Amino acid sequence: MKKILFVSTTLGNGGAERIISYLLNEFAKDQNKQIILLLLKKEGNTYLSYVSANVKVINLNIKNRIRYSIYSIIKQIISIRPNVCYVGLDKLNIMLAFFIPFMKLWKIRFIVRETNVLSQQYNFHNPFIKLSYKIFYNQYDSIIAQSIDMKDDLINIWKINRQKINLINNPININAIIAKSVEASKDKLNKEEGKINFVAIGRLEHQKGYDILLKRMAELNPKIPFRLYILGGGSLLNKITEMIKLLNLESSVQLLGFQSNPYSILKESDGIILSSRHEGFPNVLLEANALGIPIFSNQCPGGINEIIIEGINGISCNFESETSFQNGLKKFLSTNFDAEKIRLMTQKRYDISVILPKYRSVFYQVGNKAI
Numbered sequence: 001m002k003k004i005l006f007v008s009t010t011l012g013n014g015g016a017e018r019i020i021s022y023l024l025n026e027f028a029k030d031q032n033k034q035i036i037l038l039l040l041k042k043e044g045n046t047y048l049s050y051v052s053a054n055v056k057v058i059n060l061n062i063k064n065r066i067r068y069s070i071y072s073i074i075k076q077i078i079s080i081r082p083n084v085c086y087v088g089l090d091k092l093n094i095m096l097a098f099f100i101p102f103m104k105l106w107k108i109r110f111i112v113r114e115t116n117v118l119s120q121q122y123n124f125h126n127p128f129i130k131l132s133y134k135i136f137y138n139q140y141d142s143i144i145a146q147s148i149d150m151k152d153d154l155i156n157i158w159k160i161n162r163q164k165i166n167l168i169n170n171p172i173n174i175n176a177i178i179a180k181s182v183e184a185s186k187d188k189l190n191k192e193e194g195k196i197n198f199v200a201i202g203r204l205e206h207q208k209g210y211d212i213l214l215k216r217m218a219e220l221n222p223k224i225p226f227r228l229y230i231l232g233g234g235s236l237l238n239k240i241t242e243m244i245k246l247l248n249l250e251s252s253v254q255l256l257g258f259q260s261n262p263y264s265i266l267k268e269s270d271g272i273i274l275s276s277r278h279e280g281f282p283n284v285l286l287e288a289n290a291l292g293i294p295i296f297s298n299q300c301p302g303g304i305n306e307i308i309i310e311g312i313n314g315i316s317c318n319f320e321s322e323t324s325f326q327n328g329l330k331k332f333l334s335t336n337f338d339a340e341k342i343r344l345m346t347q348k349r350y351d352i353s354v355i356l357p358k359y360r361s362v363f364y365q366v367g368n369k370a371i
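For the sequence shown, position 278 matches number 278 in the UniProt record's numbering, and the numbering has no gaps at all.
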């Protein structure tokens with residue numbers, strides 16, 4: 001029986017973990033394959049309850065940092081001896097890459113899914129980091145890039161073999177999103193007449209650019225009836241809370257914290273706003289479009305130009321510029337978006353029924369057409 005192994009630190013709330021859960025359930029349908037999930041940590045496995053019972057789960061329950069347990073991880077992979085091993089979480093990707101030449105002695109093939117535009121995360125001027133990616137990332141049999149920005153970055157900056165890169169956008173489960181959107185939520189938007197309600201969803205971290213967004217909001221003409229709800233937790237909670245007070249935005253900005261089901265709040269909004277400095281391929285924008293909600297986004301690296309068709313499903317502009325932000329917002333507010341058109345377009349482009357067959361094709365090719 002053929003074996004497919006998925007390695008993940010956890011199966012938590014992130015987009016990368018959600019992709020793994022989709023893939024696990026997709027391949028678990030095949031009776032002639034053993035699907036195995038190797039988790040490195042015991043806590044924070046939110047999506048585990050959604051994984052098929054046909055998936056064998058192994059948890060290493062690592063207590064310390066992953067890099068100190070790399071030997072245990074490699075030992076477990078070799079003992080399983082899968083035909084194909086898939087990894088797709090940030091630092092784990094490069095850590096395992098160093099040992100792929102050794103593990104290939106057991107005829108294991110490796111697929112990696114990159115999660116971000118690497119040059120936005122790491123110092124690509126550092127010769128050691130650059131050389132590490134050039135030499136060891138090329139040991140993967142296939143590298144999945146979520147966006148054109150990511151693919152170009154891998155080829156041009158990190159010198160990854162373009163023949164190994166497969167461009168596959170992120171999938172979303174549109175039926176599940178719509179079903180969750182009708183569930184009750186303890187938090188409600190203040191649907192005051194004449195007010196524009198935006199929702200931002202994401203961790204309270206530097207990458208997400210909430211500091212930029214709050215500065216732009218503070219500069220707005222008071223006549224623009226703008227209200228923002230931020231869904232997410234993170235290390236910058238206190239800093240962002242203080243910034244809201246300093247900028248006198250307490251009546252305009254509300255922090256709702258992490259929401260296990262953001263869709264019931266999102267569907268009541270007038271738009272989703274993304275202020276990130278960089279992304280991989282932001283699922284949250286696809287999920288908003290799945291509900292017919294238009295996008296107002298910063299023009300950051302990471303698939304924004306692929307996701308947004310200007311004036312159809314959203315508007316993008318440079319949030320770093322006050323003028324660009326205000327012009328972009330005015331354009332957003334004056335555009336008559338067609339919610340049903342947005343929903344249908346999103347289904348055709350990103351639903352799991354469209355994207356997962358592309359993943360199957362990569363696994364099939366990497367597994368010498370035996371997977």
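No residue lacks a Cβ here, since even glycine has one placed at the ideal position from N, Cα and C.
In this text, all values refer to a predicted model and were calculated from it rather than measured experimentally.
Whole-number beta carbon distance between residue j and residue i, since they are thought to touch under 8 Å
{"i": "Ser142", "j": "Phe281", "result": "Contact flag wrong, Cβ pair sits at about 17 Å."}
{"i": "Asn138", "j": "Glu114", "result": "Actually they are not in contact, since the Cβ atoms of Asn138 and Glu114 sit about 13 Å apart, beyond 8 Å."}
{"i": "residue 373", "j": "Lys3", "result": "No answer is possible for residue 373: it lies beyond the span of the chain, which begins at 1 and ends at 371."}
{"i": "Thr346", "j": "Leu286", "result": "6 Å"}
{"i": "Asn197", "j": "Ser269", "result": "5 Å"}
{"i": "Leu38", "j": "Leu11", "result": "Leu38 to Leu11, Cβ: 11 Å. No contact."}
{"i": "Phe110", "j": "Tyr71", "result": "Not a contact, Cβ separation roughly 18 Å."}
{"i": "Leu96", "j": "Val55", "result": "Actually they do not touch by this definition, with Cβ atoms about 20 Å apart."}
{"i": "Leu167", "j": "Ala184", "result": "That belief does not hold up - the Cβ atoms of Leu167 and Ala184 are roughly 39 Å apart, past 8 Å."}
{"i": "Ile315", "j": "Lys331", "result": "5 Å"}
{"i": "Ser276", "j": "Asn298", "result": "6 Å"}
{"i": "Tyr22", "j": "Ile244", "result": "Going by Cβ atoms, the distance from Tyr22 to Ile244 rounds to 36 Å, so no, they are not a contact pair."}
{"i": "Leu89", "j": "Ala16", "result": "5 Å"}
{"i": "Ala290", "j": "Leu247", "result": "That belief does not hold up - the Cβ atoms of Ala290 and Leu247 are roughly 32 Å apart, past 8 Å."}
Per DSSP, the bridge partner or partners of residue i
{"i": "Leu37", "result": "Phe6, Val57"}
{"i": "Ser316", "result": "Ser297"}
{"i": "Ser142", "result": "Ile111"}
{"i": "Tyr86", "result": "Phe6, Ile111"}
{"i": "Glu43", "result": "Paired residues: none, contrary to the question."}
{"i": "Gly271", "result": "Phe198"}
{"i": "Glu310", "result": "Gly314"}
{"i": "Asn166", "result": "Ile144"}
{"i": "Ile172", "result": "Asp351"}
Proximity to residue i [Cα-Cα], best of the options
{"i": "Leu274", "options": "Tyr350, Gln121, Lys42, Leu228", "result": "Leu228"}
{"i": "Ser79", "options": "Lys104, Val253, Asn116, Asn156", "result": "Lys104"}
{"i": "Gly271", "options": "Lys107, Gln121, Ser334", "result": "Ser334"}
{"i": "Asn45", "options": "Asn59, Ile36, Val55", "result": "Asn59"}
{"i": "Glu26", "options": "Leu40, Ala53, Thr9, Lys41", "result": "Ala53"}
{"i": "Val57", "options": "Asn64, Gln76, Lys63, Asn368", "result": "Gln76"}
{"i": "Leu48", "options": "Arg18, Arg67, Arg65, Asn64", "result": "Arg18"}
{"i": "Asn116", "options": "Leu329, Phe363, Ser235, Gly14", "result": "Gly14"}
{"i": "Met1", "options": "Val253, Lys29, Pro82", "result": "Pro82"}
{"i": "Ile100", "options": "Tyr122, Leu118, Ile74", "result": "Ile74"}
{"i": "Glu242", "options": "Tyr210, Tyr263, Pro225, Pro222", "result": "Tyr210"}
{"i": "Leu213", "options": "Pro222, Ala339, Ile230, Pro225", "result": "Ile230"}
{"i": "Val182", "options": "Pro262, Phe128, Ser251, Lys91", "result": "Pro262"}
{"i": "Asn283", "options": "Pro171, Ile66, Asn156", "result": "Pro171"}
Continuous beta strand (DSSP E) stretch holding residue i: start and end
{"i": "Gln254", "result": "253-257"}
{"i": "Phe226", "result": "226-231"}
{"i": "Leu118", "result": "First-last for Leu118: 118-121, but that is the alpha helix (DSSP H), not the beta strand (DSSP E)."}
{"i": "Ala200", "result": "196-201"}
Residue i - containing alpha helix (DSSP H), residue span
{"i": "Ala290", "result": "283-290"}
{"i": "Leu23", "result": "15-27"}
{"i": "residue 388", "result": "It is not possible to answer for residue 388, since the shown part of the chain is limited to 1 through 371."}
{"i": "Tyr50", "result": "From DSSP, Tyr50 is part of no alpha helix (DSSP H); its letter is neither H nor E."}
{"i": "Arg216", "result": "210-219"}
{"i": "Pro262", "result": "Neither: Pro262 is in no alpha helix (DSSP H) and is coded neither H nor E."}
{"i": "Phe128", "result": "127-136"}
{"i": "Leu333", "result": "322-334"}
{"i": "Ile80", "result": "70-80"}
{"i": "Asn238", "result": "237-246"}
{"i": "Pro101", "result": "100-103"}
With 16 other Cβ atoms within 10 Å as the buried cut-off, status of residue i
{"i": "Leu131", "result": "exposed"}
{"i": "Arg216", "result": "buried"}
{"i": "Tyr86", "result": "buried"}
{"i": "Gln163", "result": "exposed"}
{"i": "Trp106", "result": "exposed"}
{"i": "Thr323", "result": "exposed"}
{"i": "Val253", "result": "buried"}
{"i": "Val51", "result": "buried"}
{"i": "Ile309", "result": "exposed"}
{"i": "Pro357", "result": "exposed"}
{"i": "Ile174", "result": "buried"}
Any non-hydrogen atom of the ligand FMN closer than 7 Å to residue i Cβ
{"i": "Cys300", "result": "Looking at this structure, you won't find the ligand FMN or any other ligand, since it has none at all."}
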